[in-house]
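The structure appears below as structure tokens.
Number of protein chains: 2
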Amino acid sequence: MNKIRVLNSAVIAEHFNMADAIEAVEKAYVLHAQKQVSLFDTVFYEFEPGAADMDIKSGTVDKEGIFGMKLMSWFSKNEEKELNSLMGNIMLYSRETGAPIALLDGASITGLRTGAAGGLGAKYLAREGAEELLLIGTGNQAPYQLASALIQLKTIRRVTVCNALNFDWARSFVETIKKRLEKDFLSVLDQDTPAYEALKEKLAIDIVAEEDIEKAVRRADVILTATPSKEAMIRKEWVKKGAHLSC
Amino acid sequence: MNKIRVLNSAVIAEHFNMADAIEAVEKAYVLHAQKQVSLFDTVFYEFEPGAADMDIKSGTVDKEGIFGMKLMSWFSKNEEKELNSLMGNIMLYSRETGAPIALLDGASITGLRTGAAGGLGAKYLAREGAEELLLIGTGNQAPYQLASALIQLKTIRRVTVCNALNFDWARSFVETIKKRLEKDFLSVLDQDTPAYEALKEKLAIDIVAEEDIEKAVRRADVILTATPSKEAMIRKEWVKKGAHLSC
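Residue numbers (my numbering), protein chains in the order written: chain A, 31 to 277; chain B, 31 to 277.
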């Protein structure tokens with residue numbers, strides 16, 4: 031076996047931040063639109079429906095000389111064991127020879143990538159001057175969605191946070207989120223970059239919890255969801271004309 | 031990221047021989063028949079049809095507490111670069127938590143597994159007393175097929191080797207194969223085991239090259255193919271009644 035590079039979550043956190051993720055995801059979308067990316071079929075398997083599953087996503091970026099795969103598993107009972115419920119890895123391969131090149135932890139990159147994609151969608155598709163951002167869901171993925179949106183949506187003036195299962199979770203989320211955004215996202219951005227300036231500025235706006243989802247939806251210009259729920263939480267009658275949804 | 035075990039091809043060669051592979055593959059087939067194994071969908075992608083492709087195979091063995099995936103690529107032009115045309119890796123994960131457990135080189139295990147499976151099929155399905163073994167193909171996979179068959183088929187008295195593209199390749203294969211079987215397969219088996227005794231004994235039988243495939247097929251009791259060819263090489267009229275084919 032040839033030598034491969036192994037990047038664990040600590041190394042990735044040091045070298046790949048939300049600004050990098052936004053740049054990479056935007057580039058990937060452009061390459062995809064230019065038909066320079068091929069996605070292979072997704073494999074999905076439920077070990078225990080609603081409680082444990084895994085998927086394998088894979089594809090090739092010929093222009094970059096690589097192809098790769100990511101396996102991510104979700105075992106909801108991990109939380110009882112104080113383990114991350116999402117675990118997995120990425121493997122990259124040479125497009126010239128098929129040789130494995132690198133093994134990367136999958137969880138942190140997945141959080142950054144998914145957050146980056148949600149924010150990018152809103153940046154290009156939300157209406158100009160959007161001021162009210164609604165975040166539904168307060169789990170693992172929620173801070174990534176919020177950090178990405180705050181970096182990319184210049185006109186947001188207030189963030190409302192809902193949790194359909196338990197309002198207390200929304201309340202404790204808003205109590206700690208600014209510190210988490212500062213520590214986990216702002217501090218790893220390069221200073222004096224537009225992303226750093228944007229996120230720093232947005233840490234001054236109001237981030238509030240709201241128990242009444244209808245009320246929160248009715249005023250939202252941009253709605254970001256970060257929930258594995260299969261139940262509907264939003265009624266179409268509540269959605270403001272021109273609002274952007276990222277689900 | 032939790033700690034994972036990395037097993038490269040040298041470590042695997044030291045700890046996993048053809049007898050181990052036969053035992054493991056037989057166990058997997060039994061578990062599959064008992065519906066204790068689930069196979070996920072296979073992903074297949076051709077980078078250049080007929081010249082470069084890759085596949086991802088995956089599945090779970092709940093009883094063993096693991097699930098896993100294997101990505102193997104085939105880049106035919108690697109041979110010009112003196113690289114293995116088959117490269118790839120296996121990743122294993124905990125069935126309890128989804129955590130990655132181990133990264134293994136894929137090429138050597140694939141050779142052993144494929145060889146083990148061909149021999150097992152012949153062991154259980156070929157007619158009793160089969161004496162004439164035919165091996166079609168003389169590439170990477172051929173020694174694995176032959177080693178496995180010689181360990182498992184007690185009554186074989188002669189091996190005939192064909193190569194449909196070039197008879198010289200069959201001739202040079204038979205010139206060196208006994209030394210290769212001894213070095214790569216016999217020497218890594220535990221002495222005084224049935225597998226060791228069986229393979230050692232079989233190294234005394236005739237292994238001959240044959241240019242005329244029809245003649246070779248007509249006398250064969252067991253036909254093992256080890257070729258990526260999509261062209262037919264064997265006509266059904268040539269196949270002896272009761273002959274076993276492994277393709």
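Here a beta-carbon is modelled for each residue, glycine too, at the ideal position from N, C-alpha and C. Computed from a predicted model, the values in this text were never measured in an experiment.
Handout entry: Rounded C-alpha distance that separates residue 242 of chain A from residue 268 of chain A
Key = 12 Å
Handout entry: Residue-level contact to chain B via CB, residue 106 of chain A, 7 Å cutoff
Key = The Cβ of residue 106 of chain A sits no closer than 7 Å to any Cβ of chain B.
Practice task
Determine, using beta-carbon pairs with one atom in the segment 156–165 of chain B and one in the segment 119–138 of chain B, whether at least three such pairs fall under 8 Å.
Solution key: no
Problem - Spatial neighbours of residue 264 of chain A in its chain, beta-carbon cut-off 6 Å, leaving aside the 5 residues before and after - result: 247
Exercise for the section: List the endpoints of the continuous alpha helix (DSSP H) containing residue 208 of chain A. Expected result: 197–210
Exercise for the section: Provide the residue span of the beta strand (DSSP E) that contains residue 96 of chain B, from first to last. Expected result: 96–105
Exercise for the section: Excluding the 5 residues preceding and the 5 following residue 150 of chain A in the sequence, name in chain order all residues of the same chain whose CB lies nearer than 8 Å to its CB. Expected result: Scanning its chain for C-beta atoms nearer than 8 Å, with the 5 sequence neighbours on each side dropped, one finds around residue 150 of chain A the residues 52, 55, 56, 59, 178, 182, in chain order.
Problem - residue 46 of chain A: contacting residues in chain B (beta-carbon distance under 7 Å) - result: Within chain B, no residue comes near residue 46 of chain A; the closest Cβ sits about 14 Å away, beyond 7 Å.
Exercise for the section: Using a Cβ-Cβ cut-off of less than 9 Å, give me the residues of the segment 63–75 of chain A that come near chain B, in sequence order. Expected result: 68, 70, 71, 72, 73, 74, 75
Exercise for the section: Have a look at residue 121 of chain A and residue 99 of chain A and give me their C-alpha separation to the nearest angstrom. Expected result: Rounded to the nearest angstrom, the two C-alpha atoms are 5 Å apart.
Problem - Assumed close pair residue 105 of chain B, residue 128 of chain A - CB separation to whole angstroms, cut-off 8 Å - result: Indeed they touch by this definition, with Cβ atoms about 5 Å apart.
Exercise for the section: Take residue 95 of chain B as the anchor and find which of B/160, B/85, B/126 has the nearest alpha-carbon. Expected result: Taking only the C-alpha atoms, the option nearest residue 95 of chain B is B/126.
Practice task
Go through its chain and collect everything with a Cβ distance to residue 82 of chain B's Cβ below 6 Å, but skip five positions before and after it.
Solution key: 105
Problem - C-beta neighbour in chain A for residue 129 of chain B, strict 7 Å - result: yes
Practice task
Measure the Cβ-Cβ separation of residue 157 of chain B and residue 272 of chain B and say whether it is below 7 Å.
Solution key: yes
Exercise for the section: May I ask you to check if the CB of residue 95 of chain A is nearer than 6 Å to at least one heavy atom of the ligand ADP? Expected result: As for the ligand ADP, it is missing from this structure, which has no ligand bound.
Practice task
Give the DSSP-derived three-state secondary structure of residue 108 of chain A in the structure shown.
Solution key: Helix.
Exercise for the section: Pull up the distance between the alpha-carbon of residue 137 of chain B and that of residue 170 of chain B, whole angstroms please. Expected result: 10 Å
Exercise for the section: Using the DSSP secondary-structure output, state which residues sit across from residue 173 of chain A in a beta bridge. Expected result: DSSP, once it has assigned bridges, lists no residue as partnering residue 173 of chain A.
Problem - residue 249 of chain A to residue 80 of chain A span [Cα, whole Å] - result: 32 Å
Handout entry: Exposed unless 16 or more other CB atoms sit within 10 angstroms - verdict on residue 35 of chain A
Key = exposed
Practice task
Measure the alpha-carbon distance for residue 87 of chain A versus residue 276 of chain B and round it to whole angstroms.
Solution key: For residue 87 of chain A and residue 276 of chain B, the distance between alpha carbons rounds to 32 Å.
Handout entry: Chain-ordered chain A contacts of residue 180 of chain B [CB-CB under 7 Å]
Key = Close partners of residue 180 of chain B in chain A (Cβ separation under 7 Å) are lacking, with about 28 Å as the shortest Cβ gap.
Practice task
Determine the contact status of residue 225 of chain A and residue 219 of chain A, defining contact as a CB-CB distance below 7 Å.
Solution key: yes
Problem - Rounded C-alpha distance that separates residue 141 of chain A from residue 174 of chain A - result: 6 Å
Practice task
Check whether the Cβ of residue 263 of chain A lies closer than 7 Å to any Cβ atom in chain B.
Solution key: no
Problem - When B/111, B/116, B/89 are compared against residue 103 of chain A, the one with the closest alpha-carbon - result: Among B/111, B/116, B/89, the Cα nearest to that of residue 103 of chain A is on B/89.
Problem - Of the residues A/245, A/193, A/230, the one placed nearest residue 256 of chain A, counting alpha carbons only - result: A/193
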